[in-house]
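Chemist:
Residue numbers (mature numbering (1 follows the signal peptide of the UniProt record, and there is no 0)): -29 to -1, 1 to 1093.
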């Protein structure tokens, strides 16, 4: 090469947002705030000894009672005394109490415009009692918070307050049961200025909603390459954080309402239209038409919906006919209601409010028994296993004095629900958020306490009472909620109808913003992803901070003839625990596909002589009638090098290719001594820059062969450089697979075990059992599973992912004639899959092969085919929307073009767009064969696959669709070209989309099982492959190409291979002990594990569920046992 080899390698590192704030000097609104950091921690366990006071007690005198009763006095007519625990811990006891407020007190000076966070540790002398912290001020009494205190252990009370005027106040505690003594310790009251409080929000947003991004650019030699330009562009104009508003049925007929709503919000809830009294106004006469239409509207606009509500525990809000029912009849009616509404919308909502406001009300408990809520949570979960079931109530964060719905009472109710008869489905915390004048410190502290339950928290019905400060208060509430790291979404209760809104409107009747609407628009604009661009510095770095969301990142440089743009997702770290820089770094390798100069050859050229042409054309000679450096006459006219190919070796080929004009497909070929042609790979080469061709071959004979390059057009010159052919033995190839599996499918996990005092424990027994694998490895199923228990047991014991072989295809669903749809069979198969927690790939919406259309369709003219196709996609995708993980939208549209021929060249692109409108959560796959199976099939080789996918993506409105790469993987029972398969997956994986092997099988033959094993190992070990589905099943499904069992469901050779790999790719359960330093290191496959840790002396044990994930490499699990 005469010029310097040039390559851009860009690593994008996501750094934990906490790195933005290395100290406590925070920049807020253009000025620096010297702020005390806020402590978001809260403890909901009852501890033997209290923790140290937060902020060292803040302005509290003698917060730990280390100096007896100094600073404290009795309050009311009771008495106080100082006591010490057996361990020497000092605390205060209020005894001889006659009134609820007879406790202890400290006088404090409180300032207006300050925000106070409060905490204390409480115990009572017997039983279990609610204890409140109250401040008596010059303006009255302010409740700071409460907890449910117990005897024998300490409970944390966390709260907060503001005051209307500055002055002295008495802090005291209150419990209604005067027979108990109240014990208090570790009291803290920390004041914050408004600027400090705002700085906490800014800091928390940087940690919870943003991440720092670092791009590092070097050339192929690893040398820093300054001057490269980086540009991040958000793909969406809305915040990735879910924020929305309730809607009501008027939106269906009001275009102004629709435009205003859809341009702003990313989530919604129906105000009343899904409630029982709305859907069954007359007993037994259900009408879901309005709710169905509203859900369809939301789906068409890609807006997820919360399900509100299954039941409501307030007697006032039952259907009118319910109130006259006997308990027995009510149970029948309520059971039918739950069955009806949950099964109808199973998988279609992002959350369910199961029994609304069952902290304040108890209609169903009074009629059906104290466990009514628990029972209906369990029933709802059984009908919709993957959707979180929310407890939804008011005043938990709005009013500190409402003891019915305090955080402690809320958590108690949640625990009752979650522990009832193994009711372990996903649950959530719904906080309605109906505010008057908000107590923001209490709101934050309450969410802190609830967050300790570690379940999803949503503010579900946020509004503020009408008044002169309504917009100001709304902004305070929304800022506090958005900034809190435990809050996962916000919905405002601002649905507009003909008569206005319930408590708060965002617009007037013409959908012009009110001040509240202006606040919302301001915050939406503030919180949405922004563009960021710049040049790398002298160190090769570009740094920026980005909101979570989807971006296109473009990297360009003056030396490059083109730019590279790749999709990039900024997400939060999976864990909220403190992390090091290494633990929070995600690396994206972005490569430019067409370079001004080629890279150095892989493996230094391998067995190729003169791979970089540094010695002229030594080792190379002309092939055909063309000459090196001269004109070509035929497509095969090229140049060649003789190489020696060995039996049972795998050869990885790469080369950099350019042509003299235009764009042409250039293939690398091997011609063996006996005349056999081996196709190694293809690239679409361009004029003016170098493109990489990557492929491979394997051979079952030892022979000399000619390596040459060809293109269909003889009028272009072929330029080639940096050629490499590297041989690998089978053992070496297998070693690559094993090393890759260890790297991409497993994590190193360290268990650090200590006692309650933090002392590391040696010799602790740790039992580890994997209960779920993260990698989706599944199998097709047929309708035969519905009638065979043996089939069901065989399948469900092995697989958690599936594709229906034929039952969801158009010719199956509308076989009898135009408009005669029948989904009975796929409905039943979907129900079976749900019952067994099996995820489904939707296969398929359309099939582009003219031979696989419904018979009646091919008789129609193009216009009618268009209408029928529109009905088909609307019917099948809306029917199963939210219930499938993916759709094969237009099957095999590279080999076939029925719909393009009938409806126009953009038919596929239009179908993908519509599918996403109907099912916004599903990944949309392009599903093809021979892309990695057959190197001779130029129609679907990886370069053409990428070209087709980019064509669909380039159609207006498709830029941001969630595309997936579907590789059918139908192999013959011959020697598989694993080198070509690997190279193809590497090339396709560079696009960054999810990639699945969707229909893996091997044709019947003596080597069927062995070939299948090689293919599955190659797929599983490839870092770009996200899932695999075997397109086979038991004997009952027939063995046209491949089956896995005999007639008695005993595994045959193919089934034994699958069973072996399922076992091999799962961590075996084992028991080990910690070393002398209290550590146990192990390597585990990604997935969920049951872990039991047993103390070596006390035999006390602690069990937990852990998740080993690829986003948390080298994870340390901290365990404490007593």
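Beta carbons are placed, not taken as given, at the ideal position from N, Cα and C, and that holds for glycine.
All values derive from a computational prediction rather than experimental measurement.
(1) Please state the DSSP three-state secondary structure of residue 87.
(2) Would you say residue 736 and residue 1040 are within 8 Å of each other, going by their C-beta atoms?
(3) Please say whether residue 749 and residue 1087 have beta carbons closer to each other than 8 Å?
(4) Return helix, strand or coil for residue 57, following the three-state DSSP convention.
(5) If we ignore side chains and look at the alpha-carbon of each, how far apart do residue 776 and residue 818 end up?
(6) What is the rounded straight-line gap between the Cα of residue 771 and the Cα of residue 856?
(7) From residue 436 to residue 63, what distance separates their C-alpha atoms?
(8) Across which residues does DSSP place residue 106 in a beta bridge pair?
(9) Following the continuous alpha helix (DSSP H) through residue 874, name the residue where it begins and the one where it ends.
(10) Whole angstroms is fine: what's the gap from residue 994's alpha carbon to residue 1084's?
(11) Using the Cα positions of residue 1110 and residue 809, report the straight-line distance between them to the nearest angstrom.
(12) Does residue 515 come out as helix, strand or coil in the three-state DSSP assignment?
(13) Using a Cβ-Cβ cut-off of 8 Å, state whether residue 514 counts as contacting chain B.
(14) Would you call the CB atoms of residue 407 and residue 381 closer than 8 Å?
(15) Near residue 877, which residues of its chain fall below 7 Å by C-beta distance, leaving aside the five closest residues on each side in sequence?
(16) In angstroms, rounded to a whole number, what distance separates the CA positions of residue 24 and residue 236?
(17) What is the DSSP secondary structure of residue 211, counted as helix, strand or coil?
(18) Between the beta-carbon of residue 821 and the beta-carbon of residue 882, is there less than 8 Å?
(19) Check whether the Cβ atoms of residue 412 and residue 132 sit closer than 8 Å, and answer yes or no.
(20) According to the neighbour-count rule (16 or more other Cβ atoms, all chains shown, within 10 Å of its Cβ), is residue 57 buried or exposed?
(21) Taking the alpha carbon of residue 230 as the point to measure from, which residue in 249, 496, 252, 272 has its own alpha carbon closest?
(22) Residue range of the beta strand (DSSP E) that residue 401 falls in?
(23) For residue 1062 versus residue 746, is the C-beta distance shorter than 8 Å?
(24) Are the CB atoms of residue 173 and residue 31 nearer to each other than 8 Å?
(25) With residue 414 as the anchor, note down where its alpha helix (DSSP H) starts and where it stops.
(26) Since residue 573 sits in a beta bridge, which residues does DSSP pair it with?
(27) By the three-class DSSP mapping on this structure, what secondary structure does residue 70 have?
(28) Identify which residue in 519, 707, 701, 1081 has its Cα closest to the Cα of residue 209.
(29) Can you tell me whether DSSP reads residue 460 as helix, strand or coil?
(30) Which residues in the same chain have their Cβ closer than 7 Å to the Cβ of residue 1029, if we skip the five residues on either side of it in sequence?
(31) For residue 489, does the count of other Cβ atoms within 10 angstroms reach 16, so buried, or fall short, so exposed?
(32) In three-state terms, what does DSSP make of residue 904?
(33) Under the three-state reduction of DSSP, which class applies to residue 830: helix, strand or coil?
(34) To which residues does DSSP link residue 1092 through a beta bridge?
(35) With DSSP as the reference, label residue 803 as helix, strand or coil.
(36) Report the option in 1056, 1080, 1066, 1018 whose CA atom is closest to the CA atom of residue 765.
Modeler: Considering the structure as presented:
(1) Strand, per DSSP.
(2) Cβ distance not < 8 Å, so residue 736 and residue 1040 don't count as in contact.
(3) Residue 749 sits away from residue 1087, with the two beta carbons spaced by 8 Å or more.
(4) Coil, per DSSP.
(5) Rounded to the nearest angstrom, the two C-alpha atoms are 13 Å apart.
(6) Distance between the alpha carbons of residue 771 and residue 856: 12 Å.
(7) Their Cα atoms are separated by approximately 41 Å.
(8) Residue pairing for residue 106: DSSP places it in a beta bridge opposite 113, 142.
(9) Annotation for residue 874: the continuous alpha helix (DSSP H) segment containing it runs 869 to 874.
(10) When rounded, the separation of the alpha-carbon atoms in residue 994 and residue 1084 is 15 Å.
(11) Nothing about residue 1110 can be read from this structure; the chain reaches only from -29 to 1093.
(12) If DSSP states are grouped into helix, strand and coil, residue 515 belongs with the strands.
(13) No chain B appears in this structure, which consists of one protein chain only.
(14) Using a Cβ distance threshold of 8 Å, residue 407 and residue 381 do not count as a contacting pair.
(15) Take residue 877, set aside five residues on each side of it, and the residues of its chain with a beta-carbon closer than 7 Å to its own are 926, in chain order.
(16) Rounded to whole angstroms, residue 24 to residue 236 spans 41 Å at the Cα level.
(17) Residue 211 sits in coil when the DSSP states are folded into three classes, being neither helix nor strand.
(18) Cβ atoms of residue 821 and residue 882: not closer than 8 Å.
(19) Yes, they are a contact pair.
(20) Burial call: exposed.
(21) Selected option, being the one with the closest Cα: 272.
(22) Following the DSSP letters along the chain, one finds residue 401 inside the beta strand (DSSP E) bounded by residues 398 to 402.
(23) Contact flag unset, no.
(24) No; because the gap between Cβ atoms is not below 8 Å, this pair is not in contact.
(25) For residue 414, the enclosing alpha helix (DSSP H) starts and ends at 411 to 422.
(26) None; residue 573 has no bridge partner.
(27) Of the three classes helix, strand and coil, the one that applies to residue 70 here is coil, per DSSP.
(28) Cα-wise, what sits closest to residue 209 is 519.
(29) Of the three classes helix, strand and coil, the one that applies to residue 460 here is strand, per DSSP.
(30) Cβ neighbours of residue 1029 within its own chain (closer than 7 Å, five residues either side excluded): 1001, 1015.
(31) Exposed: under 16 other Cβ atoms inside 10 Å.
(32) Three-state result, residue 904: coil.
(33) If DSSP states are grouped into helix, strand and coil, residue 830 belongs with the helices.
(34) According to DSSP, which records beta bridges pairwise, residue 1092 is partnered with nothing at all.
(35) Three-state result, residue 803: helix.
(36) In terms of CA proximity to residue 765, 1018 leads the group 1056, 1080, 1066, 1018.
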